[in-house]
Amino acid sequence: MTEQARAHGTVVLAMSADGKIADRERSPARFGSTADRLHLETQMAQADGVLFGAETLRTYGTTLRITQPDLLQQRQQQDKFPQPIHIVCSSSGRLDPECRFFQQAVPRWLMTTPEGAMGWSDRPEFERVLVACSPAPPTNWHQIFQQLAALGLEKIVVTGGGQLVASLLEAGVIDEIWLTVCPLILGGAQSPTPVDGYGFPAHLAPRLELLSTQVMGSEVFLHYYLQSAPPPTNEEKLN
Ligand SMILES: NC(=O)c1ccc[n+]([C@@H]2O[C@H](COP(=O)([O-])OP(=O)(O)OC[C@H]3O[C@@H](n4cnc5c(N)ncnc54)[C@H](OP(=O)(O)O)[C@@H]3O)[C@@H](O)[C@H]2O)c1
């Protein structure tokens, strides 16, 4: 029997030159340039869903929408809705319904545990509440990514943070990583990094293949493929 297809996972993050995705206060990471923002929008424009952790939402209070006219037009030509579905992953479900995210013009889903879903299922903030996360870790991400594909979400862009990315990498559902190296040093042993969690022993570390590099001003855009992922298509190599 052939295995059910899972959604394709692409992580897109900006980090300081010393590998931090936020400062020690975990404040919103706004150190990327306009080119980096455009890059993130470009990646999001190719996605059916944008997935991020609850802590990222609590930090920013909003999500990034696609605003570039050419990207919106591209989505229209592909018969896609203007914005991908924004999926918040929160095991606790503890989110502030007053935060600005809930006023933004984006479709919203919540991915949570049975406990986290309580109180959200009958409310208008989320179009869909996916009770997919396990109350006791680990969550079965492979199954969730299969479920997302079955719901028509074949391409998922993961926009952070480090905790969520760590679980997804561990589960083997990430196929590509985009890292923008930004020209600043944040330092701090407690500052978040692209992949937090427990970390991998070196002999089990996910291995990457470098697909492209681009320098724009003082920023470097790195595009990696996970070696365990199915080999990239020509289109993915070009993107
Ligand atoms: N530079 C960048 O590009 C960038 C992008 C995004 C974020 N950031 C920064 O990253 C920081 C936030 O990252 P973070 O690592 O602290 O948090 P995060 O990954 O955004 O969110 C963590 C939360 O997500 C939920 N979650 C994560 N993994 C889960 C799993 N496997 N199952 C169920 N729920 C799960 C839990 O929510 P509950 O607590 O509700 O249970 C958890 O507490 C902020 O400082 C932000 O500025 C930077």
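Take any residue in the sequence shown, count from 1 to its spot, add 163: that is its number in my numbering. Virtual Cβ for every residue (Gly too), placed ideally from N, Cα, C.
Start-to-end residues for the alpha helix (DSSP H) that takes in residue i
i      : result
Arg221 : Ala217 to Tyr223
Val431 : The shown model of the chain, from 164 to 402, leaves out residue 431, and the question about it has no answer.
Arg200 : Thr197 to Ala208
Phe308 : Trp304 to Ala313
Residues that DSSP places opposite residue i in a beta bridge
i      : result
Gln377 : Phe384
Gly172 : Ile319
Leu389 : Leu371
His249 : Val213 and Arg271
Cys345 : Ser179
Where residue i sits in the DSSP three-state scheme
i      : result
Glu339 : strand
Ile229 : coil
Ser284 : coil
Leu293 : strand
Ser330 : helix
Ala177 : strand
Gln240 : helix
Gly362 : coil
Arg263 : helix
Glu166 : coil
Glu278 : helix
Gly324 : coil
Leu235 : helix
Where the beta strand (DSSP E) containing residue i begins and where it ends
i      : result
Arg271 : Arg271 to Thr275
Buried or exposed by the 16-neighbour rule on C-beta atoms within 10 Å, applied to residue i
i      : result
Gly325 : buried
Phe215 : buried
Ala365 : exposed
Ile348 : exposed
Ser179 : buried
Asp338 : buried
Ala329 : buried
Glu261 : exposed
Pro277 : exposed
Ala268 : exposed
Val358 : buried
Gly350 : exposed
Pro300 : exposed
Asp259 : exposed
Ala352 : exposed
Arg286 : exposed
Tyr413 : Any question about residue 413 goes unanswered here, given that the chain covers just 164 to 402.
Arg193 : exposed
Expected contact under 8 Å - CB spacing of residue i and residue j to nearest Å
i      : j      : result
Val294 : Ala280 : 5 Å
Gly172 : Leu331 : 6 Å
Leu403 : Val320 : Here the chain covers residues 164 to 402 and nothing more, so residue 403 does not appear.
Val213 : His249 : 5 Å
Met207 : Ile184 : Met207 to Ile184, Cβ: 17 Å. No contact.
Val251 : Leu273 : 5 Å
Glu382 : Thr343 : 6 Å
Thr275 : Ser253 : 5 Å
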